[in-house]
Structures are given as C-alpha cells and as structure tokens.
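Chemist:
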Amino acid sequence: MYESYTGKARMTGSGDSKCLIIHFQTMEARDACVSAAHQQFLDLVFHAHDPRQLWSNEDLWAIQVMDIPFFLTKENIISYFKKFGNISSCRVYFRKNAKVQQARIVYDSAQSIAQFDSQWVVYCFSTCLRVTPCHYTVDQKSSRHTFVATLTQLPPNTKDIDLAPLIRELGAKAVNVPLSLNSYKPKRWAYITFSFQELMDAAMEQLISYQGHTLQWNLPDNTNKLCHRCGKLGCAPSQCPLRQQWSRTQDRNPVAALKERFHVGQSSRPKPNLRSRSRSHSCSKGPDNSRFSQHQHSSSTKPKTNTPNHQRNRSKSNDKCDLSVSFSSALRTPPLSSARS
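The numbers in the working numbering rise by one with no breaks, and the one at position 246 of the sequence shown is 284.
(1) Check whether the region 123 to 134 touches the region 183 to 192, counting contact only when three or more Cβ pairs, one atom from each stretch, lie closer than 8 Å.
(2) Straight-line CA distance for V160 to A152?
(3) Taking C57 as the reference, give the member of P224, S247, W158 and A47 with the closest Cα.
(4) Quick check on the burial criterion: 16 or more other C-beta atoms within 10 angstroms. Buried or exposed for M238?
(5) Quick check: the region 192 to 206 against the region 222 to 235, are at least 3 beta-carbon pairs closer than 8 Å?
(6) Given 8 Å as the limit, is there contact between the region 159 to 178 and the region 64 to 79, that is, 3 or more CB pairs closer than that?
(7) Quick check on this structure: which residue in Q178, H251, W255 and H173 has the alpha carbon closest to the alpha carbon of A240?
(8) Between the beta-carbon of C166 and the beta-carbon of I143, is there less than 8 Å?
(9) Please give the ranges of any alpha helix (DSSP H) in the region 144 to 229, keeping only runs that are unbroken, at least 4 residues long and fully inside the region.
(10) How about L98 and A148: do their beta carbons lie closer than 8 Å?
(11) Given a cut-off of 8 Å, decide if C172 and A100 are closer than it, judged by their beta-carbon atoms.
(12) Considering only C-alpha positions, which residue in the set G303, Q140 and K197 is nearest to V103?
(13) Answer with buried or exposed for F234, where buried requires no fewer than 16 other C-beta atoms within 10 angstroms of its C-beta.
(14) Could you give the DSSP three-state label for A141: helix, strand or coil?
(15) If we ignore side chains and look at the alpha-carbon of each, how far apart do I125 and Q77 end up?
(16) Exposed or buried, which one is D259 when buried takes at least 16 other CB atoms within 10 Å?
(17) Determine which residues share a DSSP beta bridge with I101 and list them.
(18) So, are the CB atoms of T196 and V213 less than 8 Å apart?
(19) Tell me whether A294 is buried or exposed, calling it buried when 16 or more other Cβ atoms sit within 10 Å of its Cβ.
(20) To which residues of the same chain is L204 closer than 6 Å at the C-beta, ignoring the five residues directly before and after it?
(21) Suppose contacts are defined by Cβ-Cβ distances below 8 Å. Is D105 in contact with R168 by that definition?
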C-alpha cells in the first residue's frame, strides 16, 4: 500500500499497552498512514510514534525498585512483584561503583501501582526494597529521602526484616541496613526513614533496646564516624575491641569482586557435553577394555618363554583384533534400523 514501507514492524507491550510500531522511509508516507482510514483495522488507532511520549505514558503504570542486593536476581524480583499485577517488562540494572541494584517494572495497568502511593517499601527475601512510582516528580521522589535517622549499635547480622516490627511501632516508612563492601554482611547500623519531621523527632527521643543491645540514635551526617565493627560513634576500627586478630586482604575493586561473586552481568558458562563424557567413560570402563587390560596384565606377569617368531606374530595379531573389536563395539554400534535392513 505504501511504497516507502520498510517491511520492518515490531510488537511491544501487552494488554491495554500493546502496540504495533511500523517503520517508514519518509515522513510523508508515515503521515499518510496516520491520516488515512483503514477499513480492515477499525479497532486500531494509528498515530505518529514518539518514544519520549510513550515512555512518559509508560511511567503511569511503572515503578522503580531500589536497594536491591546483588544476591537477588531478576527472576526473584519478577516472582515477588507479579503478585501486584501482570508485568509487561522488568529491567534490572546498576550504576557504576554501586553495591546495590535497581529495577524498573512496568505493569499493564495503572491500578497495579496505586498502593505504592502510601506504601513506600516491600520486604523481599528479608530485604527492605524501596518502591517509588515512576510518574512522580523530582520533588515527590526526593521527599521520600528527606527525614532519615540512623539507629546504631545493632547486634551482628541484623537484617531489615528483623527491624520490621520496630519500624511499624515507630510509625516509620522504611528501613535499610547497609551491607559491607567487602564481606557483604549487614553493618551495625540502620537508616530509618520517616514521612514527617515530627515523627522522626519523637522516635529519636525514645530509648530503644533490641536483643539485649541498647541502640543509639544519630543523624546520617555522622555515618562516616561510625565504627564498622561495633557501630559506635567515635570508635576507631583499628582500636575496636571487636577487631579480628587476623588481617583480611582488601580487594582493589570491591564492587567488581561483589559482581563476580554473585555473577552479576556475567553470562552462564557452557555446560560440558555429557554425551562425549559418557562415551569416554564407557570406552575407558567398558567390559571389553577391562578384559583386554586384564589380559595384558596377566600376560605381563607370566614368565617369559622362548616362542617361535610366527607364534609371536600370531599372538600380536590376535591382540590387535581384540582391540579393534572392543573399540567398534563401544563407539560404532550400528542403529537398530540399519541392523534390521
């Protein structure tokens, strides 16, 4: 119908967001297709393709998930978030030198992300993940990171899910226990996010005790002064009582070591050919070969006797025949169809 049609077309999205993108060589042909009436496609609406506009429309039913540790895979993310609705696409990515991942999840309906206007986080595999609708403005997104306090001197290996009851009691919105860059174990403090200044001030006036540890409140500005061994403010890690007696080798690039440890951004290794391994196994441990090796061993243990040359040649030829038969029976057995014919 259109001479400038390139023959290239692709389908994107699913459900109500499903669309067909057709490529033309000239703008005139594209405009003619948009303005024409297509009797055979009465249910389709043709309009000029604008990737920026489509991306903006897609934000209405998309969410951004942050603070994803490297041990959570894309399959784990999809398996958890599919309970909120049908997922059209999911893209997991990470920024340079970041020790956590992010994800953009697109649903086929805006109703699937409506609850995240009031719900800021989800707990996936004992990890608190921040969730923000993608259609939020810059000010709306930054407001979810404004009122943050740190709770220090946590017990070792405290996870986000362990502090979930405390977070609900304080009226906070989110919790994040950072992970060590080298060991990827939880540090001894947590970031507590509130929705209002008054809630944060009231929480910081409370004395918190958790598993026999008296926790201390601090501001995020003092995080660089916290000891990564005990979580106390002003304690030097080199003089900390919890300092390990042995020294630990530091990686030159700890982020790259973490990605290699959890196979982030790496292609799966090709599996060995099981058929070739089974063939070599059967060839090396087959009954004919074992008999042949036993025959060689027994012949080597027998006392040497003077035998004529023609008998020696005959015995060597017999051995060669046994070897060839063993090889052919192990590797060159004809198929049943050829044997019947």
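Even for Gly, the Cβ is constructed at its ideal location relative to N, Cα and C.
Modeler: Reading it off the structure:
(1) The region 123 to 134 makes no contact with the region 183 to 192; the number of CB pairs closer than 8 Å stays below 3.
(2) The residue you call residue 160 lines up with position 122 of the sequence shown. The residue you call residue 152 lines up with position 114 of the sequence shown. When only Cα atoms are considered, V160 and A152 end up about 14 Å apart.
(3) Walking along the sequence shown from the start, residue 57 turns up at place 19. Residue A47 is the option with its Cα nearest to C57.
(4) Here the question's residue 238 lines up with position 200 in the sequence shown. Per the 10 Å Cβ criterion, buried.
(5) The region 222 to 235 makes contact with the region 192 to 206: 3 or more CB pairs, one atom from each, lie closer than 8 Å.
(6) The region 159 to 178 makes no contact with the region 64 to 79; the number of CB pairs closer than 8 Å stays below 3.
(7) Along the sequence shown, read from residue 1 onward, the residue named residue 240 stands at position 202. Ranking the options by Cα distance to A240, first place goes to W255.
(8) As a first step, residue 166 must be located in the sequence shown, where it is residue number 128. As a first step, residue 143 must be located in the sequence shown, where it is residue number 105. The beta carbons of C166 and I143 sit no closer together than 8 Å.
(9) As far as the region 144 to 229 is concerned, its whole alpha helix (DSSP H) runs of at least 4 residues are 176 to 180 and 202 to 208.
(10) Here residue 98 refers to the residue found at position 60 when the sequence shown is read from its first residue. Here residue 148 refers to the residue found at position 110 when the sequence shown is read from its first residue. Cβ distance < 8 Å, so L98 and A148 count as in contact.
(11) Locating residue 100 in the sequence shown gives position 62, counting from the first residue. Locating residue 172 in the sequence shown gives position 134, counting from the first residue. Their beta carbons are under 8 Å apart, which means A100 touches C172 by this criterion.
(12) As a working note, residue 103 is residue 65 in the sequence shown. If we check each option's Cα against that of V103, Q140 comes out closest.
(13) To locate residue 234, count along the sequence shown from 1; it is residue 196. F234 is exposed by the Cβ-count criterion.
(14) Along the sequence shown, one-based indexing puts residue 141 at 103. The DSSP-derived three-state label of A141 is strand.
(15) The residue given as residue 125 occupies position 87 in the sequence shown. The residue given as residue 77 occupies position 39 in the sequence shown. For I125 and Q77, the distance between alpha carbons rounds to 32 Å.
(16) Start at 1 with the first residue of the sequence shown, and residue 259 comes out as number 221. Note on D259: under 16 other CB atoms within 10 angstroms of its CB, so exposed under the neighbour-count rule.
(17) Here residue 101 is taken as the residue at index 63 of the sequence shown, counted from 1. Looking at the DSSP output, I101 shares a beta bridge with I143 and P171.
(18) One-based indexing of the sequence shown puts residue 196 at position 158. One-based indexing of the sequence shown puts residue 213 at position 175. The answer is no: Cβ separation not under 8 Å.
(19) The residue labelled residue 294 in the question sits at position 256 within the sequence shown. Around the beta carbon of A294, a 10 Å sphere encloses fewer than 16 other beta carbons of the protein chains shown; the residue is thus reported as exposed.
(20) Looking up residue 204 in the sequence shown gives position 166. Within the same chain, no Cβ atom closer than 6 Å to the Cβ of L204 is found once the five residues on either side in sequence are excluded.
(21) Here residue 105 corresponds to residue number 67 of the sequence shown, with the count starting at 1. Here residue 168 corresponds to residue number 130 of the sequence shown, with the count starting at 1. Judged by their CB atoms, D105 and R168 are nearer to each other than the 8 Å cut-off.
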